[in-house]
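S.K.: Residue numbers (my numbering): 7 to 652.
Virtual Cβ for every residue (Gly too), placed ideally from N, Cα, C.
Keep in mind it's a predicted model, so treat the numbers as computed, not measured.
Have a look at this one before I ask anything.
In structure tokens form, the structure reads like this:
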């Protein structure tokens, strides 16, 4: 491996951004890329598998702790990397995050240009250049390096954390890699002629960093030859998705947004590279179709994560949600050229359209319709002539005003090849809409539902109400309702204090009580947390020989989100649609995932809400003893009142 240039990263939750990151670093001269994956199920592992099969990277799954190695996934990854010949045998190695891009100012922006300009060196430390969201509130599948062009000033930095380093080094001078710089062996530190260490301007900073130090200072900072562009925020929706996803045990919190959403100056040093990078991405997608499909799946999953996270945050802290989503800068898209595109094909300005519309125009399944009304819309895609699934949006989707909005679960139903009717609500009205009632009843009268051998209705919360309420229109249908309300009629649920806008609706007339609409349905699966009193009270109203109660302990009101984080939502829906789902199968899958962070955090939430802080401390200590120090310490910190809920 002599002469190779290697880059190593540990990644979690960055699925939609990995293809660009890999393409860029290959383009500038890294011939060996090693990616360690852990964290939430966002498609990253499948994408990395596809890129490895294509010969683009080495992929190392890193989700599980290992004896003798750090509990922290990132530290564990770098220790494992040091056992790989691809790394220890390289001439140069860089350790970085997948939100970071090594930016070379020398020559044509290639790694060799940096090494030539720097001259004799053993280590070269590039200082962070921290980029903010640039006024971009919403996620779009576009090049990060082109989209975000606002950054912190070079000097002085807003905080000392902005001066963190990433270090390119020769393995021969390192005892082991570290996050910001390698650890050098004692004999080299004490040597008469120690390894030569340069900053990003090619200045010798050896005496400052031989034995310690992870960040530059005014005396050691330099940007003339290179810098490390760090896009920790990207768009606000992406930041929120990471913040709210507890599968990322080390995820960000609002203080990170405040510290790293730096937009003080324009920074376009990578602009000359964008055209070549776009061509590199296109070439990879064209030559390696599995990579393209895996990337597209990551994008779809990311949109689902965003929808879940926005709803969860809005309910928990509406003021914080508004603050994080505030776009305070002009739209940076204003200066784009006609050659601009994203990573998902087909590309072009028209792709601001939702995926379901693009599919109706361009996929092999082009038969369907779109029905628009004042307070709702519905789109239909004809795929499988035997299976139709009908989904209903929930409250969090209502708050999404983007034109690219997709109906609940669209990407999953599309990947399964099912025909799909997606009902989208534009109002917090719990589908108490005469226009929607008429629309659904007209479909039933026309024989639309009878065209399919099997029909399933699904939704969560507000959507769960609709899935159960409209079941009468489709005899024999399957219903999968997550944390549903059977009604918000004040006369029937005087104890219900949530959902002010829903309770204010007119609950007289049709579909007043969803539990009265299910006698003609097939199996009706009602999922809820029995420990969350309001959902338990609603759930227990669903009774009958065709009702199956599935209890998702510690899920609170977010049962669908809870199950998705546990990688249970997809198999659950698949089994329900096939008719294979029963209580035994559900609880077997549920019990098998009790060791995962999502379950532990749910259990901790339940215990903390009931004042059992001492019990939580003991649970945290037990996790530490079991070798799960990172999660255990987080649990103990929450019990002590110092931990983050994110």
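Taking only the alpha-carbon atoms, compute the straight-line gap between residue 395 and residue 323 and give it to the nearest angstrom.
M.R.: Approximately 33 angstroms, taken between the alpha carbons.
S.K.: Assuming residue 494 and residue 508 make a contact with CB atoms under 8 angstroms, what is their CB distance in whole Å?
M.R.: Right, the Cβ-Cβ distance comes to about 4 angstroms (below 8 angstroms), so this counts as a contact.
S.K.: Taking the alpha-carbon positions, what's the residue 582 to residue 313 distance?
M.R.: 23 angstroms
S.K.: Name the one or two DSSP bridge partners that residue 170 has.
M.R.: 221
S.K.: Among 435, 51, 59, 383, whose alpha-carbon lies nearest the alpha-carbon of residue 295?
M.R.: 59
S.K.: In the DSSP assignment, find the unbroken alpha helix (DSSP H) run with residue 27 in it and report its ends.
M.R.: 24-34
S.K.: Do you know whose CA, among 30, 436, 68, lies nearest residue 81's CA?
M.R.: Nearest of 30, 436, 68 to residue 81, Cα basis: 68.
S.K.: Using only the alpha-carbon positions, how far apart do residue 345 and residue 87 sit?
M.R.: Below a pLDDT of 50, predicted positions are generally treated as unreliable, and residue 345, at 41, falls in that range; no measurement from the model is reported.
S.K.: Which one of 445, 208, 204 has the shortest CA to CA distance from residue 427?
M.R.: Considering only alpha carbons, the answer is 445.
S.K.: Any idea which residues DSSP pairs residue 115 with across the strands?
M.R.: None; residue 115 has no bridge partner.
S.K.: How big is the Cα-Cα spacing for residue 537 and residue 625?
M.R.: C-alpha separation (whole angstroms): 19 angstroms.
S.K.: Could you give the distance in angstroms between the alpha-carbon of residue 198 and the alpha-carbon of residue 127?
M.R.: Cα to Cα, the separation comes out at about 16 angstroms.
S.K.: Buried or exposed: where does residue 337 fall if 16 or more other Cβ atoms within 10 Å of its Cβ makes it buried?
M.R.: Per-residue confidence for residue 337 stands at a pLDDT of 44, beneath the threshold of 50, marking its modelled position as unreliable; no derived number is given.
S.K.: Please return the same chain residues whose Cβ sits closer than 6 angstroms to the Cβ of residue 613, not counting the five positions on each side in sequence.
M.R.: 621, 622
S.K.: Can residue 237 and residue 101 be called in contact, C-beta distance under 7 angstroms?
M.R.: no
S.K.: Which of helix, strand or coil does DSSP assign to residue 209?
M.R.: coil
S.K.: Could you check the C-alpha separation between residue 18 and residue 46 for me, to the nearest Å?
M.R.: Each residue's Cα considered, the two are about 7 angstroms apart.
S.K.: Is residue 137 helix, strand or coil when you go by DSSP?
M.R.: Strand, per DSSP.
S.K.: Rounded to the nearest angstrom, what separates residue 563 and residue 319 at their Cα positions?
M.R.: 13 angstroms
S.K.: When the Cα atoms are used, what is the spatial distance from residue 356 to residue 156?
M.R.: Residue confidence for residue 356 is low, a pLDDT of 34 falling below 50, so the modelled location carries little weight; the figure read from the coordinates is stated next. Approximately 26 angstroms, taken between the alpha carbons.
S.K.: When we look at the beta-carbon of residue 513 and count the other beta-carbons within 10 Å, is it buried (16 or more) or exposed?
M.R.: buried
S.K.: What residue range does the alpha helix (DSSP H) around residue 591 cover?
M.R.: 589-597
S.K.: Pull up the DSSP beta-bridge partners for residue 557, would you.
M.R.: 534
S.K.: Let me confirm a value: residue 354 is counted as buried when at least 16 other C-beta atoms fall within 10 Å, else exposed. Which label applies?
M.R.: Note that residue 354 scores a pLDDT of 38, beneath 50, so its modelled location is shaky and nothing firm can be said.
S.K.: Considering residue 471, what are the terminal residues of the alpha helix (DSSP H) in which it resides?
M.R.: 468-475
S.K.: If you draw a straight line from the C-alpha of residue 262 to the C-alpha of residue 241, how long is it?
M.R.: The straight-line gap from Cα to Cα measures roughly 14 angstroms.
S.K.: Roughly how many whole angstroms lie between the Cα atoms of residue 480 and residue 642?
M.R.: 50 angstroms
S.K.: If you follow the alpha helix (DSSP H) that residue 362 is part of, which residue opens it and which one closes it?
M.R.: 361-368
S.K.: How big is the Cα-Cα spacing for residue 362 and residue 489?
M.R.: 26 angstroms
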